[in-house]
Amino acid sequence: MCGIVGYCGHREAVDVVVSGLRRLEYRGYDSAGVAVADDGRIQELKRAGKIANLDAALHDCPLPAARTGIGHTRWATHGAPNDLNAHPHVCADGRVALVHNGIVENWASLRAELAEDGIAPVSDTDSEIAVQLLGLAVGGGLSLTEAMRQVAPRLDGAFTLVAIDAADPQTVVAARRNSPLVVGVGQGEHFLASDVAAFIEYTREAIELGQDQVVTITPAAVAVTDFDGSPSEVRPFHVDWDLAAAEKGGFDWFMRKEIHEQPEAISHTLLGRHDLGGRLVLDELHICESELALIDKIVVIACGTSFYAGMVAKYAIEHWTRVPCEVELASEFRYRDPIVGPRTLVVAISQSGETADTLMAIRHARAQQARVLSICNTNGSTIPRESDAVIYTHAGPEIGVASTKGFLTQLMACYVLGLYLAQVRGSRYDDEIAATVAELERMPGLVQQVLDAQDVVMELASELADARSVLFLGRHVGYPVALEGALKLKELAYIHAEGFAAGELKHGPIALIEDGLPVFVVVPPRGRDQLHDKVVSNIQEIRARGARTVVLAEEGDEIAAAHSSILVTLPKVSTLLQPLVAVVPLQLFACELATRQGHDVDQPRNLAKSVTVE
Ligand code: AGP
Numbered sequence: 024m025c026g027i028v029g030y031c032g033h034r035e036a037v038d039v040v041v042s043g044l045r046r047l048e049y050r051g052y053d054s055a056g057v058a059v060a061d062d063g064r065i066q067e068l069k070r071a072g073k074i075a076n077l078d079a080a081l082h083d084c085p086l087p088a089a090r091t092g093i094g095h096t097r098w099a100t101h102g103a104p105n106d107l108n109a110h111p112h113v114c115a116d117g118r119v120a121l122v123h124n125g126i127v128e129n130w131a132s133l134r135a136e137l138a139e140d141g142i143a144p145v146s147d148t149d150s151e152i153a154v155q156l157l158g159l160a161v162g163g164g165l166s167l168t169e170a171m172r173q174v175a176p177r178l179d180g181a182f183t184l185v186a187i188d189a190a191d192p193q194t195v196v197a198a199r200r201n202s203p204l205v206v207g208v209g210q211g212e213h214f215l216a217s218d219v220a221a222f223i224e225y226t227r228e229a230i231e232l233g234q235d236q237v238v239t240i241t242p243a244a245v246a247v248t249d250f251d252g253s254p255s256e257v258r259p260f261h262v263d264w265d266l267a268a269a270e271k272g273g274f275d276w277f278m279r280k281e282i283h284e285q286p287e288a289i290s291h292t293l294l295g296r297h298d299l300g301g302r303l304v305l306d307e308l309h310i311c312e313s314e315l316a317l318i319d320k321i322v323v324i325a326c327g328t329s330f331y332a333g334m335v336a337k338y339a340i341e342h343w344t345r346v347p348c349e350v351e352l353a354s355e356f357r358y359r360d361p362i363v364g365p366r367t368l369v370v371a372i373s374q375s376g377e378t379a380d381t382l383m384a385i386r387h388a389r390a391q392q393a394r395v396l397s398i399c400n401t402n403g404s405t406i407p408r409e410s411d412a413v414i415y416t417h418a419g420p421e422i423g424v425a426s427t428k429g430f431l432t433q434l435m436a437c438y439v440l441g442l443y444l445a446q447v448r449g450s451r452y453d454d455e456i457a458a459t460v461a462e463l464e465r466m467p468g469l470v471q472q473v474l475d476a477q478d479v480v481m482e483l484a485s486e487l488a489d490a491r492s493v494l495f496l497g498r499h500v501g502y503p504v505a506l507e508g509a510l511k512l513k514e515l516a517y518i519h520a521e522g523f524a525a526g527e528l529k530h531g532p533i534a535l536i537e538d539g540l541p542v543f544v545v546v547p548p549r550g551r552d553q554l555h556d557k558v559v560s561n562i563q564e565i566r567a568r569g570a571r572t573v574v575l576a577e578e579g580d581e582i583a584a585a586h587s588s589i590l591v592t593l594p595k596v597s598t599l600l601q602p603l604v605a606v607v608p609l610q611l612f613a614c615e616l617a618t619r620q621g622h623d624v625d626q627p628r629n630l631a632k633s634v635t636v637e
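Under this note's numbering, the residues of the sequence shown are numbered 24 to 637, in order.
Here you go:
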């Protein structure tokens, strides 16, 4: 997820673009850059790091006072976060500059095609492929708008492209597919941006763009067509958010915004990692298949929420691959003198990629000759750099300290890894893998379904705002979901919350049950009756002792519903994949309860987004 700004009008483009990028820095801060079209030339400046680095560079080497420009603040997905890979990218003959948000899945085949035309991209990014194709098209006589209509349909994946042409300095052209772009409508000026935060200091009149559209702005006009050039319907709207709300997309907290970004985030995790036949494609995994086939043990290491993702991964990986999979708290791993070696695959899960406990654990594992694969959301961070291979989760920056989309995308990445290992080892048939991939493809829509039905949970948060203790129960993959639900409540509402394996209840925790005590219970799908019936029995046991049971169960589960004080309905999904939908109501509940208690949800007390000390 990156921040994009385009401008043409009567102001100095560099000032407008850079101030817009500052409003979008929450979307990515690995690098930033700006380009202007001036006097028949493209002039650009870009720097790794936050926008402050770009500011300093512009102070030392100012760009011309042009009236047309584009800019970008990057969250790296393809190519390390450095000056070379920073946007804007410029085509080989220097005529077109482009910024890009998203992932171009078919970059490799297009790069090979450019090589046949004698064009060798200079960066490691998928984005540069697009600008080189645009450069070839305008060099062949097309206008930038015509060139964009030719190039955009050839790109697979999710993208917002915004470009300028030195030979047409009063125009900015953009295209979007599965990635945000909005038009700002001013007086004698127009704006393009990832979201309205970039331009609402100049105008609150905007135009929403649809899928597969090309938009051309000049100081005087906005023209929108489909990729095939036919005129498109557009939806003008007035922005009534203040600036702070705009940066949070209209939500009150970044965390709430990130909860609602989860459908898009998990779709990006899956994007480009399987073919149309449902076979997994993990080109980025620099551990050869023959080596993966020989792995005889997997050890997942992580902390906090990421550890709970690892617990879910264990169930899936062992079921699909039949390889023993241990899950270890990173802070415990190296002190227990672990038994790892050259045939051990250590999987380090970390959103930030900087967690000291996890980093020290992988160093220990590598010293024991284990192969290390990290699942991480932050491109170029320390843990992936010190791993043999990495699967990036592509969640985009997670600003809220309490991890939400970071967790859901970790789950998705763990499922992808488990299926890939099963494919490599032949432990599941191709049709079984393809069926699960097809179900993963449906998950964004099912998560959205849960988000759309959040009233029950929001009302419950209001009722329980004064609760002093809440318990969470789950079995199988529902157990780590229960632990994650409890952690969210602890770290956001500062109240006692505890997750248990439902089967453990009678071994002690049931003594905690008292009249009116809220207990969330994650009920497995009925596909695995032995699991389902046992959890229903647990619900009966606690209800008999006065618990207020908040039951999360799949739609149509009348048995579970009969024993619920409050029922939270989940979409029907396979047992192993249920965490993707079951955790969302618990995230919403914790966020809303903490909000009603008046806490700072994005910056909870005593916590940091990345724990870089042991
Ligand atoms: C989760 O809400 C917390 N922010 C915390 O438990 C976090 O998951 C843990 O510190 C691990 O962080 P990482 O994923 O960046 O390594």
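Every residue gets a Cβ at the ideal spot worked out from N, C-alpha and C, and that includes glycine.
Alpha carbon to alpha carbon, how far is residue j from residue i? Give it in angstroms, no decimals.
i              : j                 : result
arginine 172   : aspartate 251     : 7 Å
alanine 220    : aspartate 53      : 19 Å
glutamate 615  : alanine 484       : 6 Å
alanine 243    : histidine 112     : 26 Å
glutamate 524  : valine 473        : It should be pointed out that residue 524 corresponds to alanine in this sequence rather than to glutamate. Cα to Cα, alanine 524 sits roughly 24 Å from valine 473.
glutamine 638  : threonine 328     : Missing from the structure shown is residue 638; the chain here goes from 24 to 637 and no further.
valine 289     : glycine 63        : What sits at residue 289 in the sequence shown is isoleucine, not valine. Near 42 Å, if we compare the C-alpha coordinates of glycine 63 and isoleucine 289.
valine 127     : cysteine 399      : 20 Å
leucine 440    : glycine 164       : 46 Å
isoleucine 318 : arginine 359      : 21 Å
valine 479     : threonine 367     : 45 Å
tyrosine 338   : glutamine 601     : 12 Å
cysteine 326   : threonine 292     : 21 Å
alanine 505    : phenylalanine 330 : 13 Å
alanine 80     : arginine 345      : 54 Å
proline 203    : threonine 226     : 18 Å
tryptophan 130 : glutamate 455     : 29 Å
glutamate 527  : glutamate 507     : 17 Å
leucine 68     : serine 42         : 15 Å
isoleucine 362 : arginine 451      : 27 Å
aspartate 191  : glycine 92        : 12 Å
Less than 8 Å between the CB of residue i and some heavy atom of the ligand AGP, yes or no?
i           : result
leucine 510 : yes
Looking at chain B, is there any beta carbon in it that lies within less than 9 Å of the beta carbon of residue i?
i             : result
glutamine 392 : Protein chain content of the structure displayed is limited to a single chain, and chain B is not contained in it.
With distances taken from CA atoms, which of the options is nearest residue i?
i                 : options                           : result
lysine 595        : Val606, Ile582, Ala576 and Ala584 : Ala576
aspartate 580     : Val57, His555, Gln433 and Asn76   : His555
alanine 617       : Asp179, Arg491 and Ala505         : Arg491
glycine 117       : Pro85, Ala267, Ile27 and Glu151   : Glu151
aspartate 188     : Leu305, Leu137, Tyr502 and Ile65  : Ile65
phenylalanine 495 : Ser42, Val634 and Val574          : Val574
glutamate 228     : Ser588, Gln234, Asp218 and Gln236 : Asp218
proline 259       : Gly94, Leu232, Thr381 and Ala267  : Leu232
isoleucine 223    : Val39, Leu528, Val304 and Thr432  : Val39
arginine 200      : Arg177, Asp263 and Arg408         : Arg177
proline 640       : Leu515, Glu521 and Glu486         : Because the chain in this structure spans residues 24 to 637, residue 640 falls outside the shown range and cannot be described.
isoleucine 656    : Leu603, Arg628 and Val545         : Nothing about residue 656 can be reported from this structure: the residues present for the chain run from 24 to 637 only.
glycine 32        : Gly508, Gly211, Pro87 and Arg571  : Gly211
isoleucine 27     : Leu515, Leu44 and Thr416          : Leu44
aspartate 179     : Gly125, Ala605, Val208 and Thr432 : Gly125
aspartate 623     : Ala584, Ala58 and Leu515          : Leu515
lysine 428        : Met278, Cys84, Gln236 and Cys114  : Met278
Given residue i, which residues of its chain have a CB within under 6 Å of its CB, disregarding the five upstream and five downstream residues?
i             : result
threonine 168 : Val196 and Thr239
glutamate 48  : Ile74 and Thr96
valine 323    : Gly333, Ala336, Val350 and Val370
threonine 148 : His101, Gly102 and Asn108
lysine 280    : Lys271, Gly272 and Phe274
cysteine 348  : Ile321, Lys337, Ile340 and Glu341
Below 7 Å CB to CB, which residues in the same chain sit around residue i once its five sequence neighbours on both sides are set aside?
i          : result
lysine 511 : Ala425, Leu609, Gln610 and Ala613
valine 161 : Arg118, Val119, Leu167, Ala170 and Asp188
Using C-beta distances below 8 Å, list every residue in its chain close to residue i, excluding the 5 sequence neighbours before and after it, in chain order.
i             : result
glycine 569   : Ile536, Glu537, Asp538, Gly539 and Leu540
serine 597    : Thr459, Glu462, Pro548 and Gly550
threonine 405 : Gly376, Glu377 and Leu382
Next on the checklist: Closer than 6 Å between the C-beta and any heavy atom of the ligand AGP: which residues qualify, listed along the chain?
Outcome noted: Cys326, Gly327, Thr328, Ser329, Ser373, Gln374, Ser375, Thr378, Thr381, Val424, Ala425, Ser426, Glu514, Ser633 and Val634
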